[in-house]
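Counting from 90, one number per residue, gives the positions in the sequence shown under our numbering.
Backbone N, C-alpha and C fix where the C-beta goes; we use that ideal spot for every residue, glycine too.
Here's the structure, in structure tokens; my notes come after.
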Amino acid sequence: MSLTNAEYNQIMREYEKKQAYDEREFIVRRDSVYQNYPALKEIDHKISNLGVFYTKKYISGDLHARDEMHAELDRLNSEKSKFLQENSLPDDILEKHYSCPDCEDTGFIGNKPCHCFIQAEIDLCFSQNRLSDWFTEHTFDNFCLDYYLKEPLEENSDISYYSMAKHALEKAKSFAANIIEGNKKELNNIVLFGATGTGKTFLTHCVAGELIRHEKSCIYITSPQLFDIMRDFSFDHENRNEFNSLFSSDLLIIDDLGAENTSNFVISGLFRILNERSLQKAPVMISTNLSLKELQSTYTERIISRLVGSSDFLQLAANDIRLQKKLEN
């Protein structure tokens with residue numbers, strides 16, 4: 090993705106705020122620990138003065154000074170670790186804590202943008218920060234199976250709305266975990282279908298939130314928004330950031346497929362998305378109110394074939410959960 094100078098500077102100002110916060114938080118925490126555990130402060134003081142002391146000895150002609158310094162450093166670090174353990178203090182209590190440990194809140198690992206920087210680009214392009222309230226509330230732990238009936242759908246069958254929802258939840262958890270861990274061989278796309286109010290959007294929010302909490306890049310977009318971006322880019326190429334990120338993010342979630350006005354452009358655009366992300370082994374999660382038969386009649390056989398060959402189809406069915414919640418309240 091390419092950013093304008095203003096956009097890049099906007100993101101980097103956020104990283105500067107994070108670094109300033111990290112520094113303030115570290116100083117407050119360190120001073121508090123030193124006040125409560127003066128012996129620990131003394132050990133750290135000795136460690137920080139080792140270099141000066143033994144450098145002077147080395148310059149004075151003591152050729153063993155360097156080895157003595159390393160031995161003394163090992164001894165003091167062991168003493169420090171033992172002290173932390175005996176006082177039930179975390180090993181990293183006197184280290185800086187970062188919102189992204191991988192880049193230490195700089196946005197870059199070496200010369201390459203960190204995954205958190207890439208997500209910041211996506212958030213800027215799609216204004217996805219507005220979804221943060223959903224992601225904190227809509228989590229896997231909060232996905233309630235109690236709304237799904239346990240009665241078998243057919244006699245002598247184990248299949249129920251409850252078992253279908255439980256299966257979808259387990260698949261979604263595994264899907265998110267594989268993306269986070271980089272297990273591309275284990276990844277299929279997910280097509281989540283069912284009527285309105287059966288929990289599809291809630292479950293897609295769970296997946297998106299889980300990825301974002303683990304600093305993975307995720308685009309969450311409705312089907313009409315997706316094809317508007319593709320259509321705008323085909324005419325003027327001005328929204329290159331948004332367009333390119335459709336193919337480069339760790340996960341693309343297309344919500345409410347079928348809500349768009351279907352056309353040849355939409356069908357060819359959907360195939361392009363599925364094909365190019367498949368080539369990059371980048372997964373897609375789709376939610377739709379359409380049934381399998383309606384998907385087949387709405388989109389071409391080539392698209393359905395691509396989905397069937399690379400996707401887990403998961404169905405959610407229930408009495409309208411939103412209505413149930415309102416009645417409960």
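Query raised in the report: How many whole angstroms separate the CB atoms of Ile279 and Ala297, which I take to be in contact at a CB cut-off of 8 Å?
Result: Wrong, their Cβ atoms sit about 12 Å apart, outside the cutoff.
Requested in this report: Report yes if the C-beta distance between Ile343 and Leu384 is below 8 Å; otherwise report no.
Outcome: no
Query - Within 8 Å, strictly: CB atoms of Phe282 and Leu258 - result: no
Query raised in the report: Between Cys295 and the rest of its own chain, which residues show a CB-CB distance below 7 Å, the 5 nearest in sequence each way excluded?
Result: His227, Thr228, Phe229, Phe232, Ala261
Query - Minimum length 3: unbroken beta strand (DSSP E) runs contained in the segment 269-318 - result: 278-282, 307-311
**Report entry** Residues of its chain near Val397, where Cβ-Cβ distance is below 8 Å and the 5 sequence neighbours each way are ignored
**Finding:** none
Query raised in the report: From Ser323 to Glu349, what distance separates their C-alpha atoms?
Result: 17 Å
Query raised in the report: If we count the other Cβ atoms within 10 Å of its Cβ and call it buried at 16 or more, is Pro484 buried or exposed?
Result: Absent from the model: residue 484. The displayed extent of the chain is 90 to 418, so no value can be given.
Requested in this report: Could you tell me the distance, in whole angstroms, from the CA atom of Tyr251 to the CA atom of Tyr237?
Outcome: 5 Å
Query raised in the report: Among all the DSSP beta bridges, which residues are the ones paired with Lys107?
Result: Note: Lys107 sits in no beta bridge, so no partner.
Requested in this report: Quickly, what does DSSP pair Lys201 with across the bridge? List them, please.
Outcome: Ile198
Query raised in the report: Under 8 Å between the Cβ atoms of Asn176 and Tyr123?
Result: no
Report task. Look at the alpha carbon of Ile308 and the alpha carbon of Arg164, and state the distance between them as a whole number of angstroms. Result -> 50 Å
Query raised in the report: Which word fits Leu300, buried or exposed, when buried means at least 16 other C-beta atoms lie within 10 angstroms of its C-beta?
Result: buried
Query raised in the report: Nearest CA to the CA of Asp339: which residue from Asp345, His303, Ile356?
Result: His303
**Report entry** Limits of the beta strand (DSSP E) - the one that Phe354 falls within
**Finding:** Looking at the DSSP string, Phe354 is not in any beta strand (DSSP E); the run it does join, the alpha helix (DSSP H), is 353-368.
Query raised in the report: Is it buried or exposed for Gln369, if we count other Cβ within 10 angstroms and need 16 for buried?
Result: exposed
Report task. Within 10 angstroms of the Cβ of Ala254, are there 16 or more other Cβ atoms? Answer buried if so, exposed if not. Result -> buried
Report task. Would you tell me roughly how many angstroms separate the C-alpha atoms of Glu96 and Ser246, rounded to the nearest one? Result -> 56 Å
Query raised in the report: What are the partner residues of Leu183, as DSSP defines its beta bridges?
Result: Answer is none; Leu183 lacks a bridge partner.
Report task. Between the Cα of Ser386 and those of Met374, Ile362, Gly347, spot the shortest distance and give me the residue it belongs to. Result -> Gly347
Requested in this report: Using a threshold of 8 Å, state whether the C-beta atoms of Phe115 and Lys169 are closer than that.
Outcome: no
**Report entry** Identity of the residue in Asp212, Phe142, Lys135, Glu193 nearest Ile100 by Cα
**Finding:** Asp212
Query raised in the report: So, helix, strand or coil for Leu242, using DSSP?
Result: coil
Requested in this report: Would you tell me roughly how many angstroms separate the C-alpha atoms of Lys382 and Leu341, rounded to the nearest one?
Outcome: 24 Å
Requested in this report: Specify, as a first and last residue, the run of the beta strand (DSSP E) that Phe172 falls within.
Outcome: Here Phe172 belongs to no beta strand (DSSP E); instead the alpha helix (DSSP H) covers 154-175.
Query raised in the report: Would you report the Cα separation of Leu173 and His134, rounded to the nearest angstrom?
Result: 16 Å
**Report entry** Exposed unless 16 or more other CB atoms sit within 10 angstroms - verdict on Thr285
**Finding:** exposed
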